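First the structure, in the form of structure tokens, and then the observations on it.
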Amino acid sequence: MRRRAILGYGAAGVGAVALMLFVGWWQVDGPGGAEPVGQRPVALTEMDFRLTDHEGNAVGPETLIGRPTMAFFGFTYCPDVCPTTLSDISGWLDDLGDEADEMNVVFITVDPERDTVETVAEYVGYFHPGIRGWTGPEEQIARVADGFRATYERVPTESGDYTMNHTASVFLFAASGRFVTMIDYHEPREFAVPKIRRALAEEMEGAT
Amino acid sequence: MKKYILTSTLAALLTLGGLSVPALAGPEDVVVENAWSRASIGMNRPGAAYMKIRNTGDEPVTLIDLTTPLAMMPEIHETKTNAEGVSSMSPAGEIAIAPGESVALEPGGLHAMLMRLQEPMTEGDTFPLTLLFDDGGEVTVEVPILGIAARGPED
Chain A
12 MRRRAILGYG AAGVGAVALM LFVGWWQVDG PGGAEPVGQR PVALTEMDFR
62 LTDHEGNAVG PETLIGRPTM AFFGFTYCPD VCPTTLSDIS GWLDDLGDEA
112 DEMNVVFITV DPERDTVETV AEYVGYFHPG IRGWTGPEEQ IARVADGFRA
162 TYERVPTESG DYTMNHTASV FLFAASGRFV TMIDYHEPRE FAVPKIRRAL
212 AEEMEGAT
Chain B
-15 MKKYILTSTL AALLTLGGLS VPALAGPEDV VVENAWSRAS IGMNRPGAAY
35 MKIRNTGDEP VTLIDLTTPL AMMPEIHETK TNAEGVSSMS PAGEIAIAPG
85 ESVALEPGGL HAMLMRLQEP MTEGDTFPLT LLFDDGGEVT VEVPILGIAA
135 RGPED
């Protein structure tokens, strides 16, 4: 009798844990979770921001419409991810050859305090000549990041400086301004060029 | 392809002119390969160096610190990218390497973060980087400085 009671409690306990796990799954990964679609960048045509490119020209989302776009957030004081990604992008552009000339390629700083137009100009100069560098006032950078559903955060370092956590994915938009896909930082690099070609191909479809 | 296989204690003894250093078990078995770094723009930005550290011995070794005349605050950092694609960087702490295992310091992961540079990192130059282990042993490697857009030791 006593043993049966213990078994009963045990079964109830297992059931309760299973229910908690199910509820957790439902809310996080299951149908009850947040819509991942909400995390996709909006179309460039729906964005509104004013920045300055590394040559001092006023630029905005409309600058990118009409050609496929590859965009990336970073900062010039970034020792690891940013030079690596910009080198990767440079390599992809080399692979694309003439096709790369048909694209906008933009590096957007998330650290406008240190990344002035001159600083960004020097920085992008070390990579593929097709890469443009954009900077601007903090509140405008915030608007860009919002449109891209990208995040960035200033983090103090032990050296008394600060570094920036930021979205490191490379974003691809069609010539129409529609978001196509992104190249994740952890993704095998050989998938990148086919993805870029896909964004380029959408342009063709849009043209017909 | 260049290989920098450096042994610590012996080299240290030779360079320091017979300074008495106790014989140490670990670092003779530590091999550093394919070290490289990127040139810096000026001295205000931190630099990063990469390499493969192999433990060829029978005992575990633990990397606890770095020193270099190039930077006042060299430290092993790790870049992590989360499910949302956000990258962040933080000190990696001590790095234990099991016997026969290796640890890769490579772009997007572990790297030797070179904070407070004492001089600009110029393409074509090299600089010495000393790896300190928990048993008091050390390994010094001469790290070549490649271009800012370098992607690996062969670039």
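In order, the protein sequence lines correspond to chains A and B.
For reference, each letter of the first sequence is one residue, going 12 to 219 in my numbering.
For reference, each letter of the second sequence is one residue, going -15 to 139 in my numbering.
For every residue, glycine included, the Cβ atom is placed at its ideal position computed from N, Cα and C.
The structure presented is a predicted model; accordingly, all values stated were derived computationally and were not measured.
Taking a C-beta cut-off of 8 angstroms against chain A, the contacting residues of the stretch 63 to 74 of chain B are T63, T65, E68, G69, V70, S71, S72, M73, listed in chain order. I100 of chain A: member of the alpha helix (DSSP H) spanning 92 to 107, first to last residue.
Rounded to the nearest angstrom, the Cβ distance from F84 of chain A to A185 of chain A is 20 angstroms, too far for a contact under 8 angstroms. Residue-level contact check: H197 of chain A touches chain B, since one or more beta carbons of chain B fall below 8 angstroms from its beta carbon. V70 of chain B sits close to T178 of chain A, with the two beta carbons spaced by under 8 angstroms.
Residue state for R22 of chain B is assigned as strand, using DSSP reduced to three classes. Within the stretch 25 to 37 of chain B, I25, N28, R29, P30, G31, A32 place their CB atoms closer than 8 angstroms to a CB of chain A, listed in sequence order. Here A96 of chain B really is in contact with L113 of chain B; their C-beta atoms are around 6 angstroms apart, less than 8 angstroms. Within the same chain, Cβ atoms closer than 7 angstroms to the Cβ of C93 of chain A are found at G85, F86, the five residues on either side in sequence being excluded.
For a Cβ distance threshold of 9 angstroms, nothing in chain B lies close to E150 of chain A: the least Cβ distance comes to about 21 angstroms. C-alpha of T63 of chain A to C-alpha of V70 of chain A: approximately 6 angstroms in a straight line. The count of Cβ pairs closer than 8 angstroms, one atom from the stretch 78 to 90 of chain B and one from the stretch 21 to 30 of chain B, stays below three, leaving the stretches out of contact. For the stretch 85 to 109 of chain B, the set of positions with a beta-carbon nearer than 8 angstroms to some beta-carbon of chain A reads P91, G92, H95, M97, L98, M99, R100 in chain order. By the rule that beta-carbons nearer than 8 angstroms mark a contact, D105 of chain A does not touch chain B. Non-local C-beta neighbours of N176 of chain A in its own chain, meaning closer than 6 angstroms and more than five positions away in sequence, comprise E164, V166, ordered along the chain. When Cβ-Cβ separations below 8 angstroms define contact, I79 of chain B makes no contact with chain A. In summary, G31 of chain B is buried, with 16 or more beta-carbon neighbours lying within 10 Å of its beta-carbon over all protein chains present. The secondary-structure analysis by DSSP pairs G144 of chain A across a beta bridge with A:F118. Among the residues of the stretch 119 to 133 of chain B, those with a Cβ less than 8 angstroms away from any Cβ of chain A are G131, I132, A133, in the order of the chain. Per DSSP, reduced to three states, the secondary structure at L54 of chain B is coil, with no helix or strand assignment. Sequence-distant partners of V128 of chain A (beyond 5 residues in either direction) whose C-beta falls short of 7 angstroms from its own C-beta, in its chain, are T63, H65, G67, T146.
Counting only runs that start and end inside the stretch 54 to 89 of chain A, the beta strand (DSSP E) elements of at least 3 residues fall at 62 to 64, 80 to 85.
Under the Cβ distance rule, T146 of chain A does not count among the residues neighbouring chain B, no pair being separated by less than 8 angstroms. Our two residues, Y134 of chain A and L211 of chain A, have alpha carbons roughly 26 angstroms apart in a direct line.
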